[in-house]
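Report on the following structure.
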Amino acid sequence: MRGINERIKKLRTQMNLSQDYVAKYLGVSRSTFTQMENGNRKILADEISKLSTLFGVSVNAILDESELSQPATVFARSFEKLDESDQAEIMNLIRFKEQMKAQRTK
């Protein structure tokens with residue numbers, strides 16, 4: 071099972087956020103954040119709370135790897151952040167992919 075530090079790094083990289091950006095968001099130096107990601111510094115409760123807000127996941131998702139490993143959960147959270155036009159575009163793409171799959175199985 072991965073540690074909190076590895077889950078934070080995974081979330082940060084999935085969102086294409088730099089260590090500098092996250093460090094500034096938390097109000098810590100980049101080197102401090104690097105220590106957090108490497109497991110060389112404990113991550114405080116208020117920092118976990120801020121990270122959950124930044125990443126758009128629950129505190130429990132940061133603390134419990136099983137919630138993070140659900141692709142549908144990650145997709146749903148990302149989808150909710152999109153505007154209505156982008157959501158419609160994604161839905162059209164999903165319908166298209168379903169049609170293509172149906173044609174391949176005929």
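Be aware that the sequence shown starts at 71, since it is given in the numbering used here, and climbs by one per residue.
Don't be surprised by glycine CBs; every beta carbon is placed ideally from N, CA and C.
Because the structure is a prediction, the values reported are computed rather than measured.
Outcome for A131 when other beta-carbon atoms lying within 10 angstroms are tallied against a minimum of 16: Looking at its Cβ environment, which holds 16 or more other Cβ atoms inside 10 Å, A131 is buried.
Going by DSSP in three states, M106 sits in which element: helix, strand or coil? In the three-state scheme derived from DSSP, where H, G and I count as helix and E and B as strand, M106 is classed as helix.
For R100, which residues in the same chain have their Cβ closer than 6 angstroms to its Cβ, ignoring the five residues on either side in sequence? In its chain, beyond the 5 residues on either side, Q89, D90, A93 have a beta carbon closer than 6 angstroms to the beta carbon of R100.
Per DSSP, what kind of secondary structure is T175 in: helix, strand or coil? DSSP places T175 in coil when its eight states are reduced to three.
Terminal residues of the alpha helix (DSSP H) in which D177 lies: Look at the range of the chain in this structure, 71 to 176, and you will see that residue 177 is not part of it.
Whole-angstrom C-beta distance between E117 and L96, which should lie under 8 angstroms: Between E117 and L96 the Cβ distance is about 6 angstroms, and since that is below 8 angstroms, they are a contact.
For V55 versus L81, is the C-beta spacing smaller than 8 angstroms? With the chain covering 71 to 176 only, the question about residue 55 has no answer from this structure.
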